[in-house]
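Offset between the sequence shown (1-based) and the numbering used here: plus 13.
Where a beta carbon is used, it is the ideal one built from N, C-alpha and C, also for glycine.
Bear in mind the structure is a predicted one, so any value in this text is a computation, not a measurement.
To keep things clear, I will list the structure first and then write my remarks on it.
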Amino acid sequence: MPKFTLRAFLRRATLVSLIGGLGLTGAAVLPATAAANTKQLAIIQDGSALSDPGTAFTKFRSIGANTVRVIVEWAQIAPRPLSSQKPKGFNATDPNAYPARNWISLDNLVRAATAAHVKVDLTVSGGAPLWAEGKGVPRQGKNVNFAWKPNAAAYGQFVQAIGQRYDGAFAPKGQSTLPAVKFWAIYNEPNFGEDLGPQAIDGSRISYAPMMFRGLLNAGWKALQQHHKHQTIIWGEFAARGNTFHLPWNKAPQGLPGNYGQTKPLIFLRTLYCVDSSYRPLRGGAARAVGCPTTNGAARHFRANNPALFNASGVSDHPYADHSSPVRDGLNDPNFAAFPALGKFGRELDRLTGTYGAHPHFGIYNTEYGYITHPPSHAPYVSQNTAAFYLNWAEYLSYKNPRIKSYMQYLLTDPPANAGPYAGFASGLETAGGRPKPAFYAYRMPLYLPHTSFSHKNAVEVWGAVRPAPFASLDGLGSQQARLQLKPAHSGWKTLTTFKVNQAGGYYDLHVKFPQSGQVRVQWTFPVSDSLFDLHGFTASSRLVNIKTH
Numbered sequence: 014m015p016k017f018t019l020r021a022f023l024r025r026a027t028l029v030s031l032i033g034g035l036g037l038t039g040a041a042v043l044p045a046t047a048a049a050n051t052k053q054l055a056i057i058q059d060g061s062a063l064s065d066p067g068t069a070f071t072k073f074r075s076i077g078a079n080t081v082r083v084i085v086e087w088a089q090i091a092p093r094p095l096s097s098q099k100p101k102g103f104n105a106t107d108p109n110a111y112p113a114r115n116w117i118s119l120d121n122l123v124r125a126a127t128a129a130h131v132k133v134d135l136t137v138s139g140g141a142p143l144w145a146e147g148k149g150v151p152r153q154g155k156n157v158n159f160a161w162k163p164n165a166a167a168y169g170q171f172v173q174a175i176g177q178r179y180d181g182a183f184a185p186k187g188q189s190t191l192p193a194v195k196f197w198a199i200y201n202e203p204n205f206g207e208d209l210g211p212q213a214i215d216g217s218r219i220s221y222a223p224m225m226f227r228g229l230l231n232a233g234w235k236a237l238q239q240h241h242k243h244q245t246i247i248w249g250e251f252a253a254r255g256n257t258f259h260l261p262w263n264k265a266p267q268g269l270p271g272n273y274g275q276t277k278p279l280i281f282l283r284t285l286y287c288v289d290s291s292y293r294p295l296r297g298g299a300a301r302a303v304g305c306p307t308t309n310g311a312a313r314h315f316r317a318n319n320p321a322l323f324n325a326s327g328v329s330d331h332p333y334a335d336h337s338s339p340v341r342d343g344l345n346d347p348n349f350a351a352f353p354a355l356g357k358f359g360r361e362l363d364r365l366t367g368t369y370g371a372h373p374h375f376g377i378y379n380t381e382y383g384y385i386t387h388p389p390s391h392a393p394y395v396s397q398n399t400a401a402f403y404l405n406w407a408e409y410l411s412y413k414n415p416r417i418k419s420y421m422q423y424l425l426t427d428p429p430a431n432a433g434p435y436a437g438f439a440s441g442l443e444t445a446g447g448r449p450k451p452a453f454y455a456y457r458m459p460l461y462l463p464h465t466s467f468s469h470k471n472a473v474e475v476w477g478a479v480r481p482a483p484f485a486s487l488d489g490l491g492s493q494q495a496r497l498q499l500k501p502a503h504s505g506w507k508t509l510t511t512f513k514v515n516q517a518g519g520y521y522d523l524h525v526k527f528p529q530s531g532q533v534r535v536q537w538t539f540p541v542s543d544s545l546f547d548l549h550g551f552t553a554s555s556r557l558v559n560i561k562t563h
């Protein structure tokens with residue numbers, strides 16, 4: 014879950030001057046292609062909902078989420094996380110060496126997800142136990158959810174333990190074998206100082222976090238190769254924005270991003286791959302300061318020494334667009350990776366790996382995304398109806414780009430008003446009281462028309478998804494059909510066509526002639542025989558789209 018107060022500051026960048034950027038259009042950023050991604054994952058994340066896994070997965074399934082993202086912080090599982098001394102005799106690679114009670118919630122979640130046919134995207138993050146942190150933790154960083162100079166070898170040992178526990182063959186004492194987890198992410202938001210500090214040292218003259226992350230990534234990658242070598246392993250999980258590097262001043266004694274600020278993701282990536290802003294390899298002292306090869310000879314081993322940077326299944330990003338549309342980031346910084354810049358994000362990865370003669374053409378995973386709404390938050394966040402529209406627009410653009418491997422919703426339910434710093438992160442599909450917001454219907458059955466004013470003689474594109482439908486197919490209930498309907502002014506709803514939806518992702522992409530103006534919707538009826546939906550025979554509708562014909 015994002016740390017709302019600080020991240021809101023970082024995203025809105027009230028204390029730093031932002032570089033003016035590119036006024037990108039949707040076509041330029043996420044081009045429509047014939048090779049649409051009908052199988053992109055539909056990921057959801059809401060840790061609060063998962064306190065009751067059975068109920069949560071019934072709900073997730075009923076809105077069609079086929080993957081749940083779960084962040085496991087190291088200190089949640091580690092023994093004596095508040096001690097500065099590692100427990101004597103502790104074998105950190107053995108899942109049985111960890112307190113059994115610390116695994117219970119995660120075990121129950123993995124079992125419930127498997128029973129509901131929902132994949133688990135398991136992000137093994139920081140939040141290091143104190144005994145695995147480096148020296149000199151600042152006073153404000155003495156928080157078990159933070160990670161200060163975490164020990165990469167110790168992190169790798171934890172990844173090895175959790176990887177073995179969920180390899181599909183491990184049985185806790187006195188229990189049945191645990192299901193396998195086949196989708197892994199190494200670390201969470203390494204460009205954010207609370208997750209990996211310090212971000213920059215020497216008065217923010219040196220970008221330090223990429224070097225630490227390189228070590229953590231290598232350790233996590235090596236550990237996962239033992240039990241999950243041929244499964245999905247991604248890295249990145251980048252926060253989309255960040256600070257402009259700035260020397261110390263009275264409001265930031267360490268400069269920015271300093272200890273706990275945020276490094277812009279594309280700057281972070283270039284340092285991670287050991288190149289400068291002009292993509293020239295770092296050498297000499299500049300390379301040494303950030304843990305990079307200092308000579309051409311040493312650089313020839315960079316690719317072999319950092320296999321995850323070239324061999325992973327993909328790279329992930331948290332491309333929140335804040336209150337901007339999916340095709341225009343209001344801040345427009347060329348080193349950001351918000352949703353409108355995902356095309357550039359992919360090209361950046363291609364250029365960096367190509368520097369070393371590699372061309373993996375990484376898939377891009379959207380693993381944290383949504384729109385904070387007002388109400389309950391305040392302007393400049395978007396209205397609830399606008400959020401629903403933007404969510405469908407963004408997913409349409411994702412669908413049209415085969416490189417985008419997932420679409421993501423964070424959260425299911427808004428945090429309650431008394432949830433402290435998280436209360437303002439109202440990006441849920443439901444209010445804190447459980448009332449569906451417009452985004453709920455937009456998520457369950459997306460509907461998007463690229464053009465809403467057109468000639469009645471032309472067939473126009475109608476795109477969307479019946480997101481829960483693939484679960485019905487999975488349960489042997491056959492391919493599912495939905496109805497496209499039009500409501501002209503002063504008339505009732507009329508079904509224009511009945512069509513089959515894609516059994517992989519529930520998507521459809523139609524071209525339809527509309528005889529007159531009115532409102533458009535898609536309807537689908539839940540099967541009566543699937544107990545896991547808990548909505549037997551209920552007819553669900555998409556959001557309404559107004560069209561005008563001439």
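For Ala-55, the enclosing beta strand (DSSP E) has its first and last residue at 54-58. Taking a cut-off of 8 Å on C-beta distances, the segment 394-404 does not touch the segment 323-332, as fewer than three cross pairs fall below it. Counting other Cβ atoms within 10 Å of its Cβ, Gly-447 stays below 16 and is therefore classed as exposed. In this structure Trp-262 is exposed. Its beta-carbon is surrounded by fewer than 16 other beta-carbon atoms within 10 angstroms. For Ile-280, the enclosing alpha helix (DSSP H) covers residues 278-285. Buried is the label assigned to Phe-258, since at least 16 other Cβ atoms lie within 10 Å of its Cβ. Per the coordinates, the alpha-carbon of Gly-271 lies some 11 Å from the alpha-carbon of Asn-204. As computed with DSSP, Arg-296 is found in no beta bridge at all. Cβ-Cβ separation between Ala-553 and Gly-519: approximately 12 Å, too far for a contact (criterion under 8 Å).
If only complete runs of 3 or more residues are kept, the segment 83-148 shows the beta strand (DSSP E) at 132-138, in order along the chain. If you draw a straight line from the Cα of Asn-348 to the Cα of Leu-279, it is about 5 Å long. Shown here, Ala-407 sits in a helix according to DSSP, grouped into three states. Beyond the five residues adjoining it in sequence on each side, Leu-487 comes within less than 7 Å, by CB distance, of His-130 in the same chain, given in chain order. The shortest CA-to-CA distance from Gln-153 to any of Leu-295, Leu-410, Leu-365 and Glu-207 is the one to Glu-207. In the structure shown, Ser-466 adopts extended strand secondary structure according to DSSP, grouped into three states.
Straight through space, the alpha carbons of Ala-193 and Asn-319 are spaced by roughly 26 Å. DSSP, reduced to helix, strand and coil, places Leu-322 within a helical segment of the structure shown. A direct Cα-to-Cα measurement between Trp-197 and Lys-235 gives close to 13 Å. Between Gly-169 and Gly-233, the C-beta spacing is below 8 Å.
Thr-508 and Thr-368 have their alpha carbons spaced roughly 55 Å apart. If you look at Thr-508, you'll find it in the beta strand (DSSP E) that goes 507-513.
In this model, Gly-359 and Lys-101 are separated by some 45 Å (Cα to Cα).
Boundaries for Asp-330: no alpha helix (DSSP H) harbours it, while the beta strand (DSSP E) harbouring it runs 327-331, taken from the DSSP string.
Partner residues in the beta bridge of Pro-449, as assigned by DSSP, are Glu-443.
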